[in-house]
Amino acid sequence: MKKTLTQKLIEAHLVEGTWNKGEEVSIKIDQTLTQDSTGTMVYLQLEAMDVEQIKTELSVAYIDHNTLQTGFENADDHEFIKSVAKRHGVLFSKAGNGICHQLHLENFGIPGKTLLGSDSHTPTGGGLGMIAIGAGGLDVAVAMARGTYTMTIPRVIGIELVGALSPWVAAKDVILHVLKELTVKGGVGAIIEYYGQGVTSLSVTDRATITNMGAELGATTSVFPSDELTRQFLRSQGREQDYQEWSADDGAIYDETHRIDLSSLPPLAARPHSPDNVASVEEIGPIKIDQVAIGSCTNSSYTDLMKVAGILKGNKVHEDVSLVISPGSSKILSKLAENGAMAHMIDAGARIIECACGPCIGMGQSPRSGGVSLRTFNRNFKGRSGTADADVYLVSPETAAVSAITGVLTDGRTTSISLPVVPEELFEKKEQFMVVPDGTKKKDIPVVMGPNIKPFPLNAPLEDTVEGTVVLVAGNNITTDDIMPSDSKLLPYRSNIPHLSQYCFFTIDEGFPSRCQIAENGIIIGGSNYGQGSSREHAALAPLYLGIRFVVAKSFARIHRSNLINSGIIPLVFQDESDYDTFSLNQELVIDDALIQIKNKTLLIRDPLTGRVYKTIADFSPKEIEMLKAGGKINRMIEENKK
Ligand code: MIC
Ligand code: SF4
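In the numbering used here, the protein residues as written are 10 to 652.
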């Protein structure tokens, strides 16, 4: 049978189970990555597992999110991560080195390998032909400890690319187009595979922009084949020896197919406040802008920034615009400084900021009240920029740079500015920002714990009767940014769940934490795609700390669903979506015979006041049932170790 690339890559890593859609399998994980805002939890959990030796070929701990140091908290967390990384032979990438996904692509990504990362944009590695999956921190800790990851065999959506992009149209416009077509839910339960002649017109960093934002489709991951351009990219990074060719068989059958003629795409933008709210720049028109932010793991590559520098060269940033640029890695920054491109940016009036996530996660550079910000990033959820009433549009680096000059959203094709051609560059291996393990055992190195690091909460085993009070009825597409907001004030508390939990749902409902306190046992009612967005398990741990017992929603986003199960919080799906409208705050609900019902695929919830019974779908795998019964993944592992 002709195989998709996805099937080939997953089959090459199968440890348990077979390639059957919907079947739960276990795959070998070759590499892991963590970043600092999810990493403290990962390494606390890894320490709790007391492993002798991590099982991956390579594990990297990046420091890139919490680099704004306005108090001791972030610096302490970084020391903690560094100490645990040393103890376990994990490579440590210091603050200033760059953004995890860009760095991983440049330094470590290998076609054909698997990568599990505690960040939802780990699929960036799919641009190199990897199966690169974002997951909750605990799943990454377990992958380090055991070398495996449990997943469900997904649908494979094939996207055939033909033609080539026109000038001023970029890889970002390809993924914005896909988001417009498929929406933020369109990739749930699927891996998106790109193929066709058009692939050969996209560089590895273009492909990585596309796979990066596959996270916004809700997809498990996205993947491109590896080819001569992949070899060329690896050569430019001094690692041609890592090249392997991987592609789908000709005529492979996909579960769903789409075709995009690249030459037909115009410059696009995602309007506030969702990455799938896409229209062409021309349709949106010349809206006045206050800020332009170029960078993030989506669009901070050397080529992206050289194009930006070329557009800015000899021009001036509009007087009403603040342009901030954050290069993706120290290697890129150093090269831009060396070849003069940085001077073009600064001379045009750009503010150069650290190679880090920065404004993407509200770590500085928040726009003014009611401001309009154009960003080359991947998420424009309300409030994520740090300014609650700002309007954020997502665009390509080319559109961002030309708009910074004109002061309004601009389709570059309507200007006389010419687009630069970026010559291929060779990068030297640089390890100044890395602490590379030397292969010797270091388990005697002490773990450095600052006062901000608090133990993570653990659930209790499932009881036969689960009772609680509805503490929130939430709408559709609730993001993990809504559940556990993150900005410069809250990110320093990622290792302190008691503090963080006081801000749970804060931006949409300030009363949530106090209601939970009164209720003691809480229940959340959600709409469709509940928990979309980041991989942060804090969006499950904070509710756990506040006593949430179960969530009933129209549907769940993949990573958040797993994080809930890992925490022992039961994610249930309405069998009849119209039931959603009948729930109200403070309603009491009971699950009777929970230990039996959890195995039944259908689970009944009773309202003791009215006697009404609601049917929900409890589609859990045998492993998930065991986790829910034990009160979460860690409790389950302890049980297993006792056997
Ligand atoms: C994000 O882009 O939302 C983040 C911050 O990178 C998150 C991880 C986190 O919350 O720490 C993600 O995408 O997983
Ligand atoms: Fe960092 Fe933004 Fe990428 Fe998340 S999406 S990893 S915050 S740059």
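Note that beta-carbon positions come from the ideal geometry of N, C-alpha and C, so glycine has one too.
Between which two residues does the beta strand (DSSP E) holding residue i run?
i, result
"P580", "I579 to F583"
"T157", "T157 to T161"
"T123", "T123 to G126"
"D85", "Counting along the chain, D85 falls outside any beta strand (DSSP E), though it belongs to the alpha helix (DSSP H) covering F81 to H97."
"T230", "T230 to V232"
"I614", "K610 to R615"
"R268", "E265 to D270"
"E25", "L23 to E25"
"Q111", "Per DSSP, Q111 belongs to no beta strand (DSSP E); it is in the alpha helix (DSSP H), C109 to N116."
"A3", "Residue 3 lies beyond the residue range present for the chain, which begins at 10 and ends at 652; the question has no answer from this structure."
"S339", "No beta strand (DSSP E) holds S339; the alpha helix (DSSP H) holding it covers S339 to E347."
"S35", "E33 to K37"
"Y402", "D400 to L403"
"T478", "V475 to V482"
Alpha carbon to alpha carbon, how far is residue j from residue i? Give it in angstroms, no decimals.
i, j, result
"A278", "T218", "15 Å"
"L124", "I600", "38 Å"
"T131", "C109", "9 Å"
"I168", "K103", "37 Å"
"G448", "A70", "16 Å"
"L137", "E519", "43 Å"
"I63", "Q526", "39 Å"
"A549", "I574", "9 Å"
"D86", "G145", "18 Å"
"E347", "P336", "14 Å"
"V208", "F233", "8 Å"
"L271", "W177", "12 Å"
"Q111", "D590", "43 Å"
"T27", "K12", "14 Å"
"D364", "I341", "Checking the sequence, you will find Cys at residue 364 rather than Asp. Answer to the nearest angstrom: the Cα atoms are 9 Å apart."
"E88", "S339", "21 Å"
"T161", "K652", "26 Å"
"E529", "N468", "14 Å"
"D128", "E56", "20 Å"
"I647", "T76", "34 Å"
"V475", "Q596", "14 Å"
"G349", "P580", "53 Å"
Report yes if the C-beta distance between residue i and residue j is below 8 Å; otherwise report no.
i, j, result
"V149", "V60", "no"
"I506", "G531", "no"
"Q584", "T619", "no"
"G4", "E407", "Outside the modelled stretch of the chain, which goes from 10 to 652, sits residue 4, for which no answer is possible."
"L471", "G640", "yes"
"G367", "G373", "yes"
"L14", "E225", "no"
"P501", "G48", "no"
"D251", "L188", "no"
"V213", "L191", "no"
"N387", "N221", "yes"
"I19", "I119", "no"
"I293", "I334", "no"
"I607", "I568", "no"
Under 6 Å Cβ to Cβ from residue i, same chain only, skipping five residues before and after it: list those, please.
i, result
"K391", "H282"
"A483", "G535"
"T488", "F390, Q541 and G542"
"A152", "I38, T41, L125 and Y158"
"D313", "P406"
"R524", "V480"
What residue range does the alpha helix (DSSP H) around residue i cover?
i, result
"V290", "V290 to I293"
"E249", "First-last for E249: undefined, no H or E at that position."
"V51", "D45 to M58"
"R567", "R567 to N575"
"L637", "P631 to A639"
"F521", "F521 to A528"
"G196", "Looking at the DSSP string, G196 is not in any alpha helix (DSSP H), and its letter there is neither H nor E."
Cutting at 8 Å between CB atoms, please list the residues of its own chain near residue i, excluding the five before and the five after it.
i, result
"R164", "K30, G198, A199, I200, D264 and E265"
"G358", "K325, V326 and L332"
"E377", "Checking the sequence, you will find Arg at residue 377 rather than Glu. Within the same chain, R377 has close Cβ partners D299, Q300, T396 and A399."
Excluding the five sequence neighbours on either side, which residues of its own chain have a C-beta within less than 7 Å of the C-beta of residue i, listed in chain order?
i, result
"I454", "S92, K95 and R96"
"G371", "R393, S394, G395, S495, D496 and S497"
"E291", "P275 and D420"
"S630", "E33"
"L243", "E249, D251 and Y252"
"G134", "H113, L114, G118, L124 and A141"
Quick check: does the Cβ of residue i come within less than 7 Å of any heavy atom belonging to the ligand ZN?
i, result
"H22", "Absence of the ligand ZN from the depicted structure is noted, with the ligand MIC and the ligand SF4 being the only ligands included."
task = Give me every residue whose Cβ sits closer than 5 Å to any heavy atom of the ligand MIC, in chain order.
result = S46, T47, D128, S129, I370, S543, S544 and R545
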